[in-house]
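A quick write-up on the structure given underneath.
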Amino acid sequence: MAVLTITKDNFEQEVLQSDKPVLLDFWASWCGPCRMVSPIVDEIAEERADIKVGKINVDEQGALAQEFGVMSIPTLVVIKDGQPANKAVGAMPKANILALL
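Using my numbering, you'd call the opening residue of the sequence shown number 2 and step up by one each time.
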């Protein structure tokens with residue numbers, strides 16, 4: 002499944018009302034560790050049809066970043082049934098990201 006670009010306009014529909022767990026990647030274009038995590042997140046999106054994957058650009062979507070208490074990036078948040086179920090901060094290997102799910 003393709004990675005979704007999540008904004009405040011589609012957040013409720015794509016994330017809160019999703020019937021699948023959602024992996025959110027909070028990132029910014031100037032963030033080095035974000036660029037390391039991004040291809041891994043893309044890979045997970047391709048391999049796992051049982052989840053949704055969304056990316057949130059913190060520079061463009063500051064309100065969403067604030068809502069999730071994102072202080073440093075990359076921050077990965079797993080949403081299940083409309084509620085945050087897991088959260089991790091910083092670059093990490095694929096196995097660690099999959100373990101969040």
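Beta carbons: idealized from backbone N, C-alpha and C, even for Gly.
- Item | Sequence-distant residues of the same chain with beta carbon closer than 7 Å to residue 12, five excluded per side | 65
- Task: State the Cα-Cα distance for the pair residue 85 and residue 8, rounded to the nearest angstrom.
- Result: 17 Å
- Message: I need the DSSP call for residue 101, collapsed to helix, strand or coil.
- Response: helix
- Presumed contact (8 Å Cβ cut-off) between residue 79 and residue 101, rounded CB distance: 5 Å
- Whose C-alpha, out of 90, 94 and 53, is nearest the C-alpha of residue 82? 53
- Below 7 Å between beta carbons: does that hold for residue 59 and residue 29? yes
- Minimum C-alpha distance to residue 61 - residue among 10, 48 and 45: 10
- Measuring CB to CB, does residue 4 end up less than 7 Å from residue 46? yes
- Item | Alpha-carbon spacing of residue 31 relative to residue 87, whole angstroms | 25 Å
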